[in-house]
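Working notes, beginning with the structure itself.
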Amino acid sequence: MKIKPPYIAFTLLLLSWLVNYLFPKLNAVKNPYNKSGVIIFAIGLSISFYSFYLFKKNKTPIIPGKKPTFIVVEGPYKFTRNPMYLGVSTALLGAAIYFGNLLSFLSPIIFFLIMNYYFVPFEEKLLENIFGKKYLNYKKQVRRWI
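Going by the numbering used here, the final residue of the sequence shown carries number 165, and the count climbs one at a time with no gaps.
Now the structure itself:
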């Protein structure tokens, strides 16, 4: 996997800003309602950063494709198997609300679809191969998203 999720997220965030700048007539979320996007953005980043912290705490690599050494099952991992990606998707949704542009709402959708159909299946297969039954049991107990 040459392109990593953070690069995809930053690119989509930049594109959200750009379409807001280039197509101001497509703004649908007006001031002051768009300010709620800042809160949603912060919540999404908080979920992602806390999930990163749990990986670091348990000394397992964050980068997709690297061999994991531990299955994290605490914190947000009790409710979703992919809190990092869920957090980034939420942050992109918050940015879209803040920008208010209809085209900006494509960013969280595109990110979610790429993660759901490309990265997550690859990562789940890797975890199944490394941890076997332990991961399969976790997979049965916790949903992929929410």
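We put the beta carbon where it would ideally sit given N, CA and C, even for glycine.
The alpha-carbon of I59 is positioned some 27 Å away from that of N77. As the crow flies, the alpha-carbon of L32 is around 10 Å from that of F130. The beta-carbon distance between I82 and L146, rounded to whole angstroms, is 14 Å. This is too long to meet the 8 Å contact definition. Rounded to the nearest whole angstrom, the C-alpha separation of L125 and K153 is 36 Å. Under the rule that a run must span 4 or more residues, the alpha helix (DSSP H) segments found entirely inside the segment 59 to 146 read 102 to 118 and 125 to 133. A direct Cα-to-Cα measurement between V48 and G106 gives close to 22 Å. DSSP places N50 outside both helix and strand once states are collapsed to three, so it counts as coil. Boundaries of the alpha helix (DSSP H) around F29: P24 to L41.
Straight-line spacing of the CA atoms in I128 and F98 works out to 21 Å. With fewer than 16 other beta carbons inside 10 angstroms of its own, I22 counts as exposed. Around the beta carbon of Y104, 16 or more other beta carbons sit within 10 angstroms, so the residue counts as buried.
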